[in-house]
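Chemist: In full-length UniProt numbering, the protein residues as written are 1 to 146.
From the three backbone atoms N, C-alpha and C, an ideal C-beta is built for every residue, glycine too.
All values reported here derive from a predicted model rather than from experimental measurement.
Below you will find the structure I want to go over with you.
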Amino acid sequence: MLWGFIYVGVFILVFAASAIIKMTYNPLSGEMQVHWNDTVGHVYSDIAYDDKEQNKFDLYVPADNTKKSYGLVVYLHAGGFSTGDKSDDANMLKWLASKGYVAAGINYTLRNENNPEASVYTMSQEIKKKYSSCKSGSGKVRLQSR
């Protein structure tokens with residue numbers, strides 16, 4: 001019986017500590033923080049890759065256009081395919097662009113009451129289509145900025 005109280009007490013203590021850390025810790029602080037301006041990069045917002053309203057992406061392009069080619073990071077926002085938005089991860093995408101990557105934050109059709117037919121399969125097909133659009137879109141943006 002005593003061990004049961006100890007286990008429950010330790011669980012509550014660890015749970016409370018992890019909740020406090022999650023609420024107060026910002027992983028994009030310190031050296032991961034970017035003071036975004038035109039000298040760091042440029043954001044091309046809401047580029048459509050399909051006819052659906054949700055099917056848009058933002059492209060974060062580094063200001064340094066001296067390289068012959070750039071790595072492309074296609075970033076899916078968190079939310080389990082039912083919530084979230086590409087703008088939720090703007091700081092991460094800005095950080096990637098500040099490190100010399102072209103970063104694309106994409107939206108896709110979320111499964112919710114407005115889209116009950118959406119499934120992981122249909123979303124993966126949208127994401128596959130987005131990848132091609134992000135790749136071709138980043139090439140066009142790169143050429144225009146030179």
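With three or more C-beta pairs closer than 8 Å as the rule, is the stretch 97–106 touching the stretch 34–48?
Modeler: yes
Chemist: In terms of residues, what are the limits of the alpha helix (DSSP H) holding Ser69?
Modeler: Where Ser69 is concerned, there is no enclosing alpha helix (DSSP H), given that its DSSP letter is neither H nor E.
Chemist: Please classify Gly4: is it buried, with 16 or more other beta-carbons within 10 angstroms of its beta-carbon, or exposed?
Modeler: exposed
Chemist: Expressed to the nearest angstrom, what Euclidean distance is found between the alpha-carbon atoms of Lys94 and Lys56?
Modeler: 17 Å
Chemist: So what does Gly41 bridge to, in DSSP terms?
Modeler: According to DSSP, which records beta bridges pairwise, Gly41 is partnered with Pro62.
Chemist: Asn91: which of Gly80, Leu59, Lys67 sits nearest, CA to CA?
Modeler: Leu59
Chemist: Spell out the partners DSSP gives Ile106 in its beta bridges.
Modeler: Phe57, Leu76
Chemist: Assign Ala97 to buried or exposed, taking buried as 16 or more other Cβ atoms, counted over all protein chains shown, within 10 Å of its Cβ.
Modeler: Buried, because 16 or more other Cβ atoms sit within 10 Å of the Cβ of Ala97.
Chemist: According to the Cβ coordinates, are Leu110 and Gln54 closer than 8 Å?
Modeler: yes
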